[in-house]
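Notes to accompany the following structure.
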Amino acid sequence: GDSVTQMEGPVTLSEEAFLTINCTYTATGYPSLFWYVQYPGEGLQLLLKATKADDKGSNKGFEATYRKETTSFHLEKGSVQVSDSAVYFCALPRTGNQFYFGTGTSLTVIP
Amino acid sequence: GAGVSQSPSNKVTEKGKDVELRCDPISGHTALYWYRQSLGQGLEFLIYFQGNSAPDKSGLPSDRFSAERTGGSVSTLTIQRTQQEDSAVYLCASSSSRNQETQYFGPGTRLLVL
Chain A
1 GDSVTQMEGP VTLSEEAFLT INCTYTATGY PSLFWYVQYP GEGLQLLLKA TKADDKGSNK
61 GFEATYRKET TSFHLEKGSV QVSDSAVYFC ALPRTGNQFY FGTGTSLTVI P
Chain B
1001 GAGVSQSPSN KVTEKGKDVE LRCDPISGHT ALYWYRQSLG QGLEFLIYFQ GNSAPDKSGL
1061 PSDRFSAERT GGSVSTLTIQ RTQQEDSAVY LCASSSSRNQ ETQYFGPGTR LLVL
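Protein sequence lines, in the order shown, are assigned to chains A and B.
Residues 1 to 111, numbered by the working numbering, are exactly what the first sequence covers, in order.
Residues 1001 to 1114, numbered by the working numbering, are exactly what the second sequence covers, in order.
Laid out in structure tokens, this is it:
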């Protein structure tokens, strides 16, 4: 069945470091792919999405490219900030617009 | 505010007691979802409401769990005879009919069963 597999955390980086959080998926067809973010004490919010193969989603300096050849949707940011500290979830739609979510990757950025 | 709200934010209960968790979706959103986030786990889908259609209950883990949505708006998730393994954060989300793929989440209810 459809699923997403996300890089295990936690991840700790220094400010201005490069971030990659890996996400791979298994799906029938070519669904949209999503990254959600959960800041401390807040609900999940959509970070970015890509609706078809080779699309690049971007927001707040984060990017992810939908790569069908490697079934991946890795999240990247060139220079992280302390305010990026959060839990990041890769997500794949299932029937009825529910989602399969990854297990989440906790990111802590230290000054 | 126009976001999804949930209450209570925290709930501590004793094993065997019933609990009710409330979700107020964004006004006008036709779809409402409940998820559970257990420690160290990803989000687990529980139940989905879409308009006046019969809800998709395929994610409910046992018959102790039930949910209803009154008037197409507010939803209540009820857990009967709570068990310690029910301890988790319960998240509610809603989405609009025009953009069903984008879900807006509430801050969650943190449930602790002693």
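Backbone N, C-alpha and C define an ideal beta-carbon position, used for all residues, glycine too.
Between Glu1101 of chain B and chain A, is the shortest Cβ-Cβ distance under 8 Å, so that the two count as touching? Yes - at least one Cβ of chain A is within 8 Å of the one on Glu1101 of chain B.
Counting only the same chain and skipping the five closest in sequence on each side, list residues whose C-beta sits under 6 Å from that of Val1074 of chain B. Asp1024
Is the stretch 1050-1063 of chain B touching the stretch 1008-1025 of chain B in the sense that three or more CB pairs, one from each, lie closer than 8 Å? no
Where does the unbroken beta strand (DSSP E) through Ile1047 of chain B begin, and where does it stop? Start and end: 1043-1050.
Give a yes or no on whether the minimum CB-CB distance between Leu75 of chain A and chain B is below 8 Å. no
Measure from the alpha carbon of Leu1111 of chain B to the alpha carbon of each residue in B:Ala1002, B:Gly1003, B:Val1004, B:Val1019, then state which is nearest. B:Val1019
Beta carbon proximity, Pro956 of chain B to chain A, threshold 8 Å: Any answer about residue 956 of chain B is impossible in this case: the structure gives chain B only from 1001 up to 1114.
Looking only at its chain, what residues have a beta carbon closer than 6 Å to the beta carbon of Ser106 of chain A, apart from the 5 residues adjacent to it on each side? Gly9, Pro10, Val87
Give me, in chain order, the residues of the same chain whose beta-carbon lies closer than 7 Å to that of Tyr100 of chain A; leave out the 5 immediate sequence neighbours on both sides. Once the five neighbours on either side are set aside, the close Cβ partners of Tyr100 of chain A are Asp2, Ser3, Val4, Ala91, Leu92, Arg94.
For the putative contact between Gln6 of chain A and Cys23 of chain A, defined by C-beta atoms under 8 Å, what is the C-beta separation to the nearest angstrom? The C-beta separation of Gln6 of chain A from Cys23 of chain A comes to about 5 Å, placing the pair in contact by the 8 Å criterion.
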